[in-house]
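Peer 1: In full-length UniProt numbering, the protein residues as written are 1 to 263. My structure is below; once you've seen it, I'll send some questions.
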Amino acid sequence: MAWGAQARALDESNARVEWPELRTLIAGRIPERVMRRLAYTPAHDLAHLRPHLKTLRTQLRTTLKTTDHAAHDEAYGQLAPLYLAGVLCADEPAEALEWLTSPVLRDAAWQQPDGTYREPRLRRILLALLLEHRDGTWQRDLACRLAQWLPAAGDPRRWYLADGLAAWCDAQPPLSDGYVTGWVQRGSRISRDHARGRLDTREWFAEQGWRPPVRHHTTLLDWLRAQPRLETFVARLFEVADIGTALDTPEPDETPEPAGNRP
């Protein structure tokens, strides 16, 4: 798999990852460096790090409650790399779900190497779930758990991850209220994404050479015709409360990256 080869290139050292090294990376506040260090190490080889990560999570949560602004900011800046490390080190899908669905990760700032902050690239987080050592069974389990977890009001970012996982491993997530809401939100963005040159996740997989080419959809009708579970989704639309409000939900920030920055 292409991503497996790229993960090897991202892996900055073949040496065993010890806690002092990872703790230093987390303290550096840059999630990308954590990903580069852990990307190609199987989760079972990172088991010794999990207790440390959970302890640090507790410590940072406590610090965030302090009135010391400097200490608060120091702790806040470490949240994104900590939670990304938690996802990468998770062995069971349920453990990965716990890290992925935390509101702390949702609200954490994603610091860049140049010191600026921005929203996290969802594709980078998705890649952390598609690594070569994560088999299809693990990915399908997580996709279904994440789809079931989604709040009824919708969570575009987590839906993106659930849908990306499902597309990658050919899963059929349960059509929970939250998943159906996300599906409606996705459909409402088809024309805008086409106008802005944004690729669907499945198109992105194909562009990277990881999956066969897929058709690009330019309109909502075109997209609906290609949906394999359209009848089931349509039936669920009459069961999800206030589904019409999903059409007005802000979209996740997934602006195209320059070609040189693509993973």
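No residue lacks a Cβ here, since even glycine has one placed at the ideal position from N, Cα and C.
Using three-state DSSP, classify GLN139 as helix, strand or coil.
Peer 2: helix
Peer 1: What did DSSP end up calling ALA259 once you bin it into helix, strand or coil?
Peer 2: Low per-residue confidence applies at ALA259: pLDDT is 39, beneath 50, and the placement is therefore not dependable enough to give any value.
Peer 1: Give me whichever residues DSSP pairs with TYR117 in a beta bridge.
Peer 2: BP columns for TYR117 point to GLN111.
Peer 1: Reducing DSSP to helix, strand and coil, say where ASP193 ends up.
Peer 2: Helix, per DSSP.
Peer 1: Roughly how far, in whole angstroms, is the beta-carbon of TRP159 from the beta-carbon of TYR179, given that I think they are within contact range, below 8 angstroms?
Peer 2: 7 angstroms
Peer 1: Do GLN148 and LEU165 come within 8 angstroms of each other at the CB atom, strictly closer than that value?
Peer 2: Going by C-beta atoms, LEU165 is not nearer than 8 angstroms to GLN148.
Peer 1: Following the continuous alpha helix (DSSP H) through ASP222, name the residue where it begins and the one where it ends.
Peer 2: First-last of the alpha helix (DSSP H) with ASP222: 220-225.
Peer 1: For the putative contact between ARG145 and PRO93, defined by C-beta atoms under 8 angstroms, what is the C-beta separation to the nearest angstrom?
Peer 2: 6 angstroms
Peer 1: By Cβ distance below 8 angstroms, which residues in the same chain neighbour LEU82 in space, the five residues on each side in sequence not counted?
Peer 2: ILE26, LEU53, LEU56, ARG57 and LEU60
Peer 1: Go through the region 21-54 residue by residue and report every complete run of the alpha helix (DSSP H) that reaches 4 residues or more, in order.
Peer 2: 31-38
Peer 1: Quick check on this structure: which residue in PHE233, LEU88 and LEU175 has the alpha carbon closest to the alpha carbon of PRO42?
Peer 2: Nearest option by C-alpha distance: LEU88.
Peer 1: Can you tell me the Cα-Cα spacing of THR137 and GLY154, whole angstroms?
Peer 2: 25 angstroms
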